[in-house]
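Below is the structure:
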């Protein structure tokens, strides 16, 4: 049976020696975040901080810090949830092995919340300034909740069945917010809360919001699950938690999970937006201050002995990487039933998730053709880019299952397979002047940018080089070409000079070669600020290439031409992945705070042997 609340989870982790108490007083301003990052990188234990500077509430982090521990938290229910997904994919499976699915009826029973009159969450009230003021990065605009469960309901169809429980950014302090009366709500496009907000505005009714913090771990994970609109996250939390979610139903108010640790209740002001941010985000940069909705506070509830769970958002991998991994384990099999012809999708964590999707699709349109080429793959790609949050993908690389591609999670092998097969004259397909992830500043404005689908099918066209061609000469100002992967060349380029469709240095680079030159043996060339850093690891290559480029502006080529409005090139594809003036600044740690945490890890310190 799953955990009824967060305290039960922490007790179990401590009992099984998967949690460490840090008895030293910890500052929630930068220090707690630095500790979390370091312990996560060391594959360390969950952490409990009983003494938090300036706050009476203890904090906990890194509960999901390893995939093994994440599976441990749901060890009693993962199989049952997976069985439920299997039956969704193929209901006839039940009759083939009915004993295998003996746990499904009980799981179905847990989907429906259990309504109660009272619960621990209503025991006490406090104010926003008494909550832990967690600040993760030096330039953050204030304190933020990093593991919020934001609950809203449909104004046209009120009730939990059409509710949304999502994880959206919540700013507690700083900026122009009135202390203890207002907090900021940042939600990106293609989020369920936006639909609820729009309906409340259209009907002229108050848009009520409850923000839960803590409670059973199943609530936290359910808030980030990409579920269909017909399945409320509260129902999934019951299935994953192994028990019906107890909900306190109150007149003229949204329900509250009885076992949550904190609940902030209020309404979104229909006429007010205030600058929210900056905030260090999961692309590895700061998302800057922009106007976002404001929530007027009515109540801040908390249970006795409440614990404030938190995580850190930053350049991957971070703790939320394990959210993505467990989500894939649970939902991966259902993808072919959602998007016809698509067999696997991988949102690349190292690239910041939304900037890069890898996919495997079918190519069956003309099986009698002498040479296979992308056709059905383009149908698959369009379908993927029409699916909820998948539509935020900036680069989508898709290959044919009929060509026996490698494991989609083996990024170097997948790229090798694709680069061996692409024809850059016709296999690049752009969408211009479209939407982009709110957190991605490589585009032309907030939520504005472009997309690129690269589709490859058929036998290999080339053997990818693993060494720089002998005698390669780069144009003046370009230096230090390095092989980042087979067929991928990282080239150090001059500092970006101006924002224009064809920046002079890129033009000069592409015009310095013909499509017959040896450099074209590399089907992909990436122009970067630091080629040594970029080529050092696959993670660096993914991060630099796909977070610092906007396809329509930054994808160029040697021997490029446009035919019937289709852009292509006869030689290498060239991606300009340099830092540009309109990009957000990358995240950097505070050296003084880092030294303080170093001391905690020294002999005799509470983190010795952990970091």
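In our numbering, the protein residues as written are 7 to 617.
Just so it is clear, CB atoms sit at the ideal spot from N, CA and C, and this is done for glycine as well.
This structure is a prediction, so every number in the text was calculated from the model and none was measured.
The Cβ neighbour count for residue 105, taken over all protein chains shown within 10 Å, is under 16; the residue is labelled exposed.
Boundaries of the beta strand (DSSP E) harbouring residue 315: 314-316, taken from the DSSP string.
For residue 224, the closest of 567, 456, 82 by C-alpha to C-alpha distance is 82. Closest by C-alpha distance to residue 327, out of 348, 337, 20, 353, is 353. Closest by C-alpha distance to residue 287, out of 556, 272, 411, 192, is 192. The residue from 65, 189, 410 with its alpha-carbon nearest to that of residue 313 is 65.
Using a Cβ distance threshold of 9 Å, residue 265 and residue 126 count as a contacting pair.
Nearest neighbour of residue 77 by Cα position, chosen from 397, 538, 8, turns out to be 8.
The Cβ-Cβ distance between residue 584 and residue 533 falls below 9 Å.
Contact annotation: residue 531 and residue 459 have beta-carbon atoms that are not nearer than 9 Å.
Residue state for residue 168 is assigned as helix, using DSSP reduced to three classes. Our two residues, residue 73 and residue 227, have alpha carbons roughly 13 Å apart in a direct line. The beta carbon of residue 424 is closer than 6 Å to those of 403, 405, 462 in its chain, skipping five residues each way along the sequence. Counting only the Cα atoms, residue 433 lies some 50 Å from residue 302. The closest CA to that of residue 230, considering only 561, 365, 408, 154, is found on 154. Residue 451 is classed as exposed because its beta carbon has fewer than 16 other beta carbons within 10 Å across all chains shown. Look at the beta carbons and you see the segment 536-551 not touching the segment 333-345: under three pairs across the two are nearer than 8 Å. Look at residue 470 here: in three-state DSSP terms it is coil, with no helix or strand label. Distance from the CA of residue 401 to the CA of residue 442, rounded to the nearest whole angstrom, comes to 11 Å. DSSP, read as helix, strand or coil, puts residue 126 in helix.
As computed with DSSP, residue 440 is found in a beta bridge with 455. In the structure shown, residue 263 falls within a strand segment according to DSSP collapsed to helix, strand and coil. For residue 427, the number of other beta carbons within 10 angstroms of its own is at least 16, and it is reported as buried. Under the Cβ criterion (8 Å, minimum of three pairs), the segment 16-36 counts as touching the segment 47-58. For residue 46, the three-state secondary structure derived from DSSP is helix. With contacts defined by Cβ atoms closer than 9 Å, residue 289 and residue 446 form a contacting pair.
Under the three-state reduction of DSSP, residue 432 is assigned to coil, being neither helix nor strand. Pairwise C-beta distances place the segment 518-528 in contact with the segment 562-570, as three or more of them are shorter than 8 Å. Contact check for residue 269 and residue 311: beta-carbon distance about 15 Å, past the 8 Å limit, so the pair fails to qualify. Short of 8 Å from the beta carbon of residue 471, and not among the five residues preceding or following it, lie these beta carbons of its own chain, in chain order: 489, 492, 493, 527, 528.
Put simply, the segment 244-261 touches the segment 109-121. At least three CB pairs are less than 8 Å apart. Each of 548, 547, 474, 69 was checked against the Cα of residue 23, and the nearest Cα belongs to 69. Within the segment 474-541, the complete beta strand (DSSP E) segments at least 3 residues long are 485-491, 494-498, 530-534, listed from N- to C-terminus. Within the same chain, and ignoring the five residues on either side of residue 330 in sequence, the residues whose Cβ sits closer than 8 Å to its Cβ are 353, 355, 359. Here residue 156 is not near residue 137, since their CB atoms are 9 Å or more apart. Non-local C-beta neighbours of residue 502 in its own chain, meaning closer than 6 Å and more than five positions away in sequence, comprise 584, 586, ordered along the chain.
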